[in-house]
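J.: The following block contains the structure, expressed as C-alpha cells.
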Amino acid sequence: MDSQNIFILGIESSCDDTAASVIYNGKILSNVIASQKIHEEYGGVVPELASRAHQQNIVPVVHQALKKAGVTKEELSAVAFTRGPGLMGSLLVGTSFAKSLAYGLNIPLIDVNHMQAHILAHYIDEEGFKKPPFPFLAMTISGGHTQIVKVNHYFDMEVIGETIDDAVGEAFDKSGKILGLGYPAGPEIDKRAKLGNPKAFKFTKPKVDGLNFSFSGLKTGILYFVQRETKVNPNFIKENLNDICASIQYTIIDILVDKLKKASKETGIKHIAIGGGVSANSGIRQALKDGEQKFEWTTYVPKFEYTTDNAAMIAIVGYLKYLEGNFTKQDIMASARLKI
Ligand code: KG4
Ligand code: ZN
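The numbering of the sequence shown is the working numbering, which starts it at 3 and goes up by one.
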C-alpha cells in the first residue's frame, strides 16, 4: 500500500442529494451531485421519492465522479459512505452500494458520520481556505440540522448545543411557505432581505436554556403575524415582502449569533467555523465577519460547494480515517439517528 497515492471514493445519500466524489491525498478531484427536483412541488423532501431517486442516480453519479477525476475503480484505495444520520430509505441506497463496491474491489470500506463530515469539510485542501486549528467551535446549520459542536480533534467532538425542534433551514423554508415563496425559500429570503429593513417588524425570540435552539415558536409567531396583518390589508405580504424577509432573517441570525457568543464565552474558544446549507446566507456571513472585530473571533467558512450536502466532505473523512487505518466491516448497517 503506497501511502502517497491514496484515492478515496466518497458517497453521500442521506437526504435528497445523490453525490459522489473522488479525493486524492486530501485534494478533491471530482465532486458530483444529482439534486432531486421532484420534492419542490411538495414543499419538502418526500422520503419514498428520495429513496427511489437515489436508486436511479447512484450508478451514473459514481460513474461520473470517477470519470471526472480520471480515476478507474481499480485505482481506488477505499470506499467511504454516509452511514447516518439521515432518512433510512436514502441512507440504505448509498450504504448498500458502497458495501458491494468495496467488496467487489476487495478494498477497505469506511463509514462516515454525516454531521462530522459537515465539520471536517474544513480540512479539504483548497487554495484560499484556511483550516481551523483544534479546538474550535463548529456551527452546522442546514435544512436538517442545527448544532454547535466543540471540536477537540478530527474524531473527538462534543455536541454542546442543538435544536430542540426545527432546524434553522426549516425556519427559513417554513417562513417562506407562509409568505408564498417556493421551496427551499432560504436563498430567496436572503436575496429579499438585502432590499428590506431588518427592523421593520419585530418577532419574539425563543427563550431556550443553555446553548440549545428552538425555531418552531418563531415559525408560529410569523404565521399569526401574517394572518393578523392580511386580515387588515389583504395585500400586506406583497407590499411588505422585502421588509418581512429582512426582519425574519435578522431574528434568525440574532438567535444563532447569541448562542455562538455564549458558546465562545463558556469554552474560551475563539475559532468559529460554520457549515451546512444555511451558511450560504449573506447575513450570517456578515455577522461572523463582524464577530471578528467585536469578539476577536477567527472565522472559517468552507467553499460553497462543500457547505451544502455533498460527497467531497464524505471523501475527506474517508481520507482522514484511511490514514488512521480506521475501517469498517461488511456487516455495518445504516443508522438514521447516528450521533456525533
Ligand atoms: O445543507 P443543505 O443543502 O441540505 C440539508 O438540509 O442538509 O441545506 C439546505 C437548507 C435549506 O433549508 C435552504 O433553505 C437553506 O439551506 N439555504 C439558505 C440559503 N441557501 C440555502 N438559507 C438561508 N439563506 C441562504 N442563502
Ligand atoms: Zn447535511
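For glycine and all other residues, C-beta sits at the position ideal for the given N, C-alpha and C. All of these numbers come straight from a predicted model, not from anything done at the bench.
1. Could you tell me whether any non-hydrogen atom of ligand 2 is closer than 7 Å to the CB of D311?
2. Just to confirm the assignment: which complete beta strand (DSSP E) runs, minimum length 3, are found wholly within the stretch 69–155?
3. Cβ atoms of L11 and V81: under 8 Å apart, would you say?
4. Starting from the C-beta of A71, find all residues in its chain whose C-beta is less than 6 Å away, skip the five residues before and the five after it, and write them out in chain order.
5. Going by C-alpha to C-alpha distance, which of V34, K29 and A55 sits closest to H41?
6. Grouping DSSP H, G and I as helix and E and B as strand, with all else coil, what is M3?
7. State yes or no: is the C-beta of D256 nearer than 7 Å to some heavy atom of ligand 1?
8. Could you tell me if E160 is buried or exposed, where buried requires 16 or more neighbouring beta carbons within 10 angstroms of its beta carbon?
9. Going straight from the alpha carbon of L107 to that of I60, what length do you get?
10. Classify N199 as helix, strand or coil using the three-state DSSP reduction.
11. Which class does E14 belong to by DSSP, given the choice of helix, strand or coil?
12. Kindly confirm or deny that the stretch 308–321 and the stretch 276–287 touch, where touching means at least three C-beta pairs closer than 8 Å.
13. Does the beta carbon of A282 fall short of 7 Å from some heavy atom of ligand 1?
14. Bridge partners for I30 per DSSP, in chain order?
15. Taking S102 and F9 to be in contact with their CB atoms under 8 Å, please state how far apart those CB atoms are, rounded to whole angstroms.
16. Can you grab the Cα-Cα spacing for the pair G178 / K291, in whole Å?
17. Taking the alpha helix (DSSP H) that V319 belongs to, which residues open and close that run?
18. For the stretch 251–311, which segments carrying the alpha helix (DSSP H) assignment without a break, of at least 4 residues, lie completely within its bounds, in sequence order?
19. Given that a residue counts as buried once 16 or more other Cβ atoms are within 10 Å of its Cβ, and exposed if not, what is K221?
T.: To lay it out plainly:
1. The residue given as residue 311 occupies position 309 in the sequence shown. Checking every heavy atom of ligand 2 against the Cβ of D311, one is found closer than 7 Å.
2. 80–86, 111–115, 138–143 and 148–155
3. The residue labelled residue 81 in the question sits at position 79 within the sequence shown. The residue labelled residue 11 in the question sits at position 9 within the sequence shown. For V81 and L11, yes; Cβs fall inside 8 Å.
4. Numbered from 1 along the sequence shown, position 69 holds the residue referred to as residue 71. If we look at A71 and ignore the five residues flanking it on each side, its Cβ neighbours are V24, L31 and S32.
5. Looking up residue 41 in the sequence shown gives position 39. The option with the nearest alpha carbon to H41 is A55.
6. As a first step, residue 3 must be located in the sequence shown, where it is residue number 1. Caution applies to M3, whose pLDDT of 47 falls short of 50 and renders its modelled position unreliable; the model cannot decide the point.
7. Here residue 256 refers to the residue found at position 254 of the sequence shown. Not so, every heavy atom of ligand 1 lies at least 7 Å from the Cβ.
8. Position 158 of the sequence shown, counting from 1, holds the residue named residue 160. Label assigned to E160: exposed.
9. Here residue 107 refers to the residue found at position 105 when the sequence shown is read from its first residue. Here residue 60 refers to the residue found at position 58 when the sequence shown is read from its first residue. Cα to Cα, L107 sits roughly 17 Å from I60.
10. Translated into positions along the sequence shown, residue 199 becomes position 197. N199 falls in the coil class under three-state DSSP.
11. Sequence index remark: in the sequence shown, residue 14 carries index 12 (1-based). Strand.
12. yes
13. The sequence position of residue 282 within the sequence shown is 280, counting from 1. Yes, ligand 1 has a heavy atom inside 7 Å of this Cβ.
14. Sequence index remark: in the sequence shown, residue 30 carries index 28 (1-based). DSSP, once it has assigned bridges, lists I25 as partnering I30.
15. Position 100 of the sequence shown, counted from the start, is the residue given in the question as residue 102. Position 7 of the sequence shown, counted from the start, is the residue given in the question as residue 9. So it is not a contact: roughly 18 Å between Cβ atoms.
16. Reading the sequence shown from its first residue, position 176 is the one you call residue 178. Reading the sequence shown from its first residue, position 289 is the one you call residue 291. Their Cα atoms are separated by approximately 26 Å.
17. Here residue 319 corresponds to residue number 317 of the sequence shown, with the count starting at 1. That run of the alpha helix (DSSP H) goes A314 to E326.
18. 284–296
19. Numbered from its first residue, the sequence shown carries residue 221 at position 219. Burial call: buried.
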